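Heads up: the structure comes next, in structure tokens.
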Amino acid sequence: MHNSFKLQDIAAIYNLPLLKLIAEAANIHSIHQKHTVMYRNTLVSYKTGGCAEDCAYCSQSSRHKTNVGPSIRLSEKEIMDQVEEAVKHGSDRICLSASWKNVPDNEEFEMLINVGKAIRKMGLHVCATLGTITRQQIVRLREAGFTAYNHNIDTSEQFYPQIISTRTFTQRIETLKLLQEEKMGCCSGGIVGLGESHDDRIAMLHSLASLPQPLFTFPINMLVAIEGTPLENMQPVSVWDLVRVIATARIVMPSTRICLAAGRKQLSDEAQALCFLAGANSVFVGEKLLTTPNATPGNDASLFETLGLELNG
Ligand code: SAM
Ligand code: DTB
Ligand code: SF4
């Protein structure tokens with residue numbers, strides 16, 4: 009374990025008066041990282057929909073009747089077209105996604121390995137989020153030049169079974185440990201707005217901050233309530249809660265990138281600026297996340313310019 013924050017320490021930080029919390033987080037951010045750098049990443053969904061998991065928030069689970077149909081796959085050419093588009097949006101990192109429960113050892117995995125190598129040749133960083141992965145598959149990705157793997161724990165261990173029943177929180181943590189053992193950048197975070205309590209958020213941060221190695225990235229998502237999912241009628245959480253989670257994460261994981269992921273479209277420019285001040289320093293750019301629209305590229309460009317943010321440092 010690389011830090012010694014106990015659950016009560018993290019709770020005490022989370023419960024600081026909000027402006028004090030933000031000021032402390034901003035201070036830690038400028039000590040450990042360059043405050044003017046915003047990392048930009050673009051998602052490319054190779055396989056969308058038809059997923060065997062039952063994550064209550066997700067449009068891609070085959071258990072939910074959403075407007076995402078059963079498994080659509082992109083060709084190699086379609087992936088590379090999207091990669092070129094991403095570069096135009098200022099992105100220098102591509103995250104390849106697939107809606108698998110377990111990563112298969114087949115020609116599809118081999119194709120993604122080759123695509124990853126092609127992306128590296130373009131001078132871009134490449135990462136992936138493909139579901140539960142084996143040690144051997146992690147090694148294959150690392151050898152092909154993939155530098156990080158996304159595998160979210162989403163919420164606390166206690167609340168987890170109310171959101172996902174087809175896998176356990178412990179299995180998720182085991183995979184994260186495997187990634188760290190194999191020296192793969194570990195990207196893991198969660199969602200606010202699932203109906204979780206403050207204690208659940210604190211426990212989630214504690215689980216992530218207690219991994220053997222620091223995370224490469226902590227993605228924090230605001231629930232996008234999707235029609236046809238069990239969470240379609242959830243009320244949005246307050247921006248203040250989101251900022252609290254980000255600032256606490258910044259203090260307990262000072263060297264980690266914090267990615268303000270899903271839900272950015274619903275935030276005002278001022279709310280996003282507050283999230284960046286509280287320590288968020290990475291975003292997804294481009295028209296689309298996986299199945300839902302992302303913040304508009306034109307607005308992002310002007311917002312980043314207004315805030316004086318540099319391209320990926
Ligand atoms: N299928 C892979 C997995 O679950 O590890 C990777 C892709 S999955 C869609 C990545 C993450 O996106 C989820 O773990 C969840 O945190 C987030 N996510 C998915 N749907 C979301 C939604 N409707 N609102 C907010 N976040 C969402
Ligand atoms: C993460 O934490 N959020 C991203 C990425 N990692 C893979 C995905 C957000 C998906 C939002 C809902 C959708 O577009 O389907
Ligand atoms: Fe499948 Fe990932 Fe969606 Fe869960 S979040 S249903 S694992 S695509």
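Each residue of the sequence shown is one higher than the one before, starting from 9 at the first, in this note's numbering.
Note that beta-carbon positions come from the ideal geometry of N, C-alpha and C, so glycine has one too.
All values derive from a computational prediction rather than experimental measurement.
Proximity test, residue i beta-carbon vs the ligand COA heavy atom, cut-off 7 Å
{"i": "Cys135", "result": "Of the ligands this structure carries, namely the ligand SAM, the ligand DTB and the ligand SF4, none is the ligand COA."}
Which residues DSSP lists as bridging residue i, in chain order
{"i": "Lys55", "result": "Arg81, Ala106"}
{"i": "Tyr47", "result": "Ser290"}
{"i": "Asp162", "result": "Gly198"}
{"i": "Val205", "result": "Note that residue 205 is Ser in the sequence shown, not Val. Its beta-bridge partners do not exist; DSSP assigns none."}
{"i": "Glu318", "result": "Val45"}
{"i": "Val134", "result": "Ile102"}
{"i": "Gly8", "result": "Outside the displayed span of the chain (9 to 321) sits residue 8, for which this structure offers no information."}
{"i": "Asn229", "result": "Ile199"}
{"i": "Arg265", "result": "Thr225"}
{"i": "Ala156", "result": "Cys135, Gly193"}
{"i": "Thr140", "result": "Asn110"}
Residue i, buried or exposed, once every other Cβ within 10 Å from all chains shown has been counted against 16
{"i": "Leu317", "result": "buried"}
{"i": "Ile39", "result": "exposed"}
{"i": "Thr300", "result": "exposed"}
{"i": "Ile217", "result": "Sequence inspection shows Ala at residue 217; the Ile mentioned does not correspond to that position. Buried."}
{"i": "His206", "result": "exposed"}
{"i": "Ser173", "result": "exposed"}
{"i": "Thr44", "result": "exposed"}
{"i": "Met6", "result": "Residue 6 falls outside the range modelled here, since the chain spans only 9 to 321, and no answer is possible."}
{"i": "Val134", "result": "buried"}
{"i": "Trp108", "result": "buried"}
{"i": "Leu120", "result": "buried"}
{"i": "Asn302", "result": "buried"}
{"i": "Ala106", "result": "buried"}
{"i": "Val147", "result": "exposed"}
{"i": "Arg265", "result": "buried"}
{"i": "Glu204", "result": "buried"}
{"i": "Leu219", "result": "buried"}
{"i": "Pro112", "result": "exposed"}
{"i": "Pro227", "result": "buried"}
{"i": "Thr225", "result": "buried"}
{"i": "Asn110", "result": "exposed"}
{"i": "Ala20", "result": "exposed"}
Closer than 7 Å: residue i CB and nearest the ligand SAM heavy atom
{"i": "Tyr157", "result": "no"}
{"i": "Ile210", "result": "no"}
{"i": "Leu231", "result": "yes"}
{"i": "Asp17", "result": "no"}
{"i": "Tyr54", "result": "no"}
{"i": "Tyr168", "result": "no"}
{"i": "Thr87", "result": "Here residue 87 is Ile; the residue named in the question, Thr, does not match the sequence. Flag unset: Cβ of Ile87 not near the ligand SAM."}
{"i": "Ile234", "result": "yes"}
{"i": "Tyr65", "result": "yes"}
Contact test: residue i Cβ vs the ligand DTB heavy atom, cutoff 7 Å
{"i": "Leu297", "result": "yes"}
{"i": "Leu51", "result": "yes"}
{"i": "Leu269", "result": "The question names Leu, yet the displayed sequence has Ala at residue 269. Under cutoff, so the answer is yes."}
{"i": "Thr300", "result": "yes"}
{"i": "Gly197", "result": "yes"}
{"i": "Cys283", "result": "no"}
{"i": "Asn160", "result": "yes"}
{"i": "Cys103", "result": "yes"}
{"i": "Pro244", "result": "no"}
{"i": "Pro227", "result": "yes"}
Proximity test, residue i beta-carbon vs the ligand SF4 heavy atom, cut-off 7 Å
{"i": "Glu61", "result": "yes"}
{"i": "Gly139", "result": "yes"}
{"i": "Gln68", "result": "yes"}
{"i": "Ser107", "result": "yes"}
Quiz item: Does the region 53-62 touch the region 73-90, meaning 3 or more C-beta pairs lie closer than 8 Å?
Solution: yes
Exercise. Enumerate, from N- to C-terminal direction, the unbroken alpha helix (DSSP H) stretches of 4 or more residues contained entirely within the region 20-46.
Key: 26-40
Practice problem: Would you check if the region 262-277 and the region 234-243 touch, i.e. whether three or more CB-CB distances between them fall below 8 Å? | Solution: no
Exercise. Would you be able to state if there are at least three C-beta pairs under 8 Å between the region 187-203 and the region 159-168?
Key: yes
Quiz item: When the Cβ atoms of the region 87-100 are set against those of the region 22-40, are three or more pairs found closer than 8 Å?
Solution: no
Quiz item: Given 8 Å as the limit, is there contact between the region 245-260 and the region 280-288, that is, 3 or more CB pairs closer than that?
Solution: yes
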